[in-house]
Every structure is written in C-alpha cells, then in structure tokens.
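Everything on this sheet refers to the single structure shown next.
Numbering (my numbering), first residue to last: 368 to 686.
So this is what it looks like as structure tokens:
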C-alpha cells in the first residue's frame, strides 16, 4: 500500500457542486469512481468533517484527502522483446504478436506482455493493470495502448468507456458473406460453459460493425469495427451470425474446404490453429497533447499466408 495525501480549497466558482463532482474537477488524475470510494470510506474531509458525495459544497471549504492506494502490480519485469509502434511520456502503443498472453494469471505467471512492459518502463508498477487499457486475447495479434501515468490511465479509460476509441480489426471467417452489416446483440457469460461468452438476454450491450474486404470460395476476409468492447466480442458475434472465425478453437466449427481444394491449400487451413483475428488500427485522443492520433499495423505472416492461399485457390477455381 502507498499513502496519498493532498489538500486544496474548493473555489467559490464551484458553489452548488456536488462534492464528488467538485473533487473530480480538482483532481483529474483520479477517476470519479475512485474519489467516490474515498468519500465513502471517510478518507476525504471537508473542513475536518465527513460528507457524502452527493452533498453540495459552498466554495471556500478546505479539502483534505488521505487515502491508501494498493500497489498496482506485483509482477516481475522480464527482458522480453516488444514491438513498439509509438511511445512518449504518457503512452505506449504496442503491436502484440499472436501467442503472447497480456496479463499474468493461472498457468501464465510470467512471459507475458505485462512482464515485458515492466522491464521496458518500470514506472508501470504504479499503474492499475500495468497501464494496459484494453486487452487482446492470447491468440489475437495487433495493436493496443498502455498508459504510463495515473492521469493518462484515467483519461484513456474514460475515452474507452465513452466509446471514443477507434478500433478496427481484420479477420477471416468461414463462409461467403454477401455484404457487410452490423451485429447488435448483448454478450455475457455462457450459462453453462463458464469459460466462454455468449449472446444472452442478460448480457451487456455489444455492437460490432463489419464489411467485406475480399470474398473467396468458402471464406471471407472482413474489416471489423468495434463500437463496444466485450470479452471475445468479435468471435462471439460472428459465430452468432454463423460466420465463425477461421481457426477459432472455442467458437469455431469444423474445417471448411471448398471442393477440389489443393493439398497446399488444405494444409495451410489445417495448420492455422488460432483465431484469424488481428487488431489492425487504433485511434484515440492523446491524453495530454489533446490531439487525435491513429496507428495501423500490417497483418502478421501467418494470416498473410492464409490470405495468399485463399487467393490462389480462387484463381484456380474461379466462380
């Protein structure tokens, strides 16, 4: 635990504000949820008295905050190579390879992206979840953002929750789509298979937009844009509309091959043993520069090889 102590005076211009709203403006490095928690725990004093978050202030009150913040992480730094697309004192933009776990957990205590980040930027041990704002599944490749300060973490988390990030993916699915579209279906924990997610009435709102990039004999290359960010969202939504991702071991189906497939094409499909999903583009408002920034990374070699084989197959057997 680390103890945080700071004090200030509420300006007269905030007369009539709720206490929690006033604190959110006075201490923007901390989320409103955290400030509300400190108020409830009695760690905020207003003229030496405790108040509720909804209580109004008059202006001129003295604020004292003394709160304990748990150490953000206890994971170990490890010298693991990182593909860094961009970095400054506020953020890191990382291109994660398929197969790399993001956070340590059961069965993956080390060798993760977090361990690599702590080696590259030791200050991340003071940031929740080592600064990672949104995660990618182990076998999904592509781009993600890491906050290097509490202020950047708060700012980026609020953007994500407000659906202001641009997140575009490329994927290859089983089946030939006629056109693009949108899936608007809530996602929650599967009612019986607790390690899976599913479309369920009790789930949280989830919206996925997709458009056709290339059609093949029995597969489709899609651009996918996330409006929300639920666990496994793209995988669940596309399986729900009966176009599961190629190679998806959880939500996919059996191998689909068009008639008269060549041996090389068949083998490439059989050997593709991860979901064919790549986070290609990320856009966001920089937390301190106040400007829109956007990055894109090319699809990895295994997905490119799969696309090349799909194209050769189509050329050999044009419809």
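A virtual CB, placed ideally from N, CA and C, is assigned to each residue, including glycine.
Taking each of 372, 428, 681 in turn and checking the Cα distance to residue 382, the smallest one comes out for 428. Judged by DSSP secondary structure, residue 670 falls within the alpha helix (DSSP H) whose first and last residues are 668–683.
Counting every other CB atom within 10 Å of its CB across the protein chains shown gives residue 641 a total of 16 or more, marking it as buried. Contact fails between the stretch 543–552 and the stretch 652–659, because fewer than three Cβ pairs, one in each stretch, are under 8 Å apart. Using a 10 angstroms sphere on the CB of residue 407, the tally of other CB atoms stays under 16, which defines it as exposed. Between the stretch 499–514 and the stretch 628–643 there are three or more C-beta pairs closer than 8 Å, enough to call the two in contact. Runs of the alpha helix (DSSP H) lying entirely within the stretch 556–632 and spanning at least 4 residues, in chain order: 600–607.
Inter-segment contact for the stretch 530–542 and the stretch 587–607 is present: three or more beta-carbon pairs are separated by less than 8 Å.
Bounds of the beta strand (DSSP E) holding residue 551 are 548–551. Taking a C-beta distance under 7 Å as the contact criterion, residue 649 and residue 432 do not qualify as a contact pair.
With respect to the C-alpha of residue 468, the residue from 393, 446, 481 having the closest C-alpha is 481.
In the same chain as residue 680, and ignoring 5 residues on each side of it, the C-beta atoms closer than 8 Å to its own belong to 583, 584, 625, 628, 629, 632, in chain order. For residue 486 and residue 446, the gap between their C-alpha atoms comes out near 6 Å. Nearest neighbour of residue 563 by Cα position, chosen from 604, 574, 577, 581, turns out to be 604.
For residue 401, the enclosing alpha helix (DSSP H) has its first and last residue at 399–407.
Within the same chain, and ignoring the five residues on either side of residue 540 in sequence, the residues whose Cβ sits closer than 7 Å to its Cβ are 586, 587, 589, 605, 610, 611, 612, 613. Residue 607 places its beta carbon 7 Å or farther from that of residue 579. With contacts defined as CB atoms closer than 7 Å, residue 409 and residue 417 qualify as a contacting pair. When 502, 478, 659, 514 are compared, the shortest CA-CA separation from residue 492 is found for 514. DSSP assignment within the stretch 414–449 yields the following whole beta strand (DSSP E) runs of 3 residues or more, N-terminal first: 429–436.
For residue 545, there is no enclosing alpha helix (DSSP H), since its DSSP letter is neither H nor E. Positions of the alpha helix (DSSP H) runs, each at least 4 residues long and wholly inside the stretch 470–536, are given as 480–487, 517–528 in order along the chain. In the three-state scheme derived from DSSP, where H, G and I count as helix and E and B as strand, residue 375 is classed as strand.
In the structure shown, residue 456 adopts coil according to DSSP, grouped into three states. Residue range 644–652 is occupied by the beta strand (DSSP E) that includes residue 649.
Judged by beta-carbon spacing, residue 430 lies beyond the 7 Å limit of residue 512, meaning their Cβ atoms are not closer than that value.
Annotation for residue 661: the continuous beta strand (DSSP E) segment containing it runs 659–663. Within its own chain, the residues whose Cβ lies closer than 7 Å to the Cβ of residue 572, once the five positions on either side in sequence are excluded, are 553, 595, listed in chain order. Around the C-beta of residue 670, 16 or more other C-beta atoms lie within 10 Å, and the residue is accordingly described as buried.
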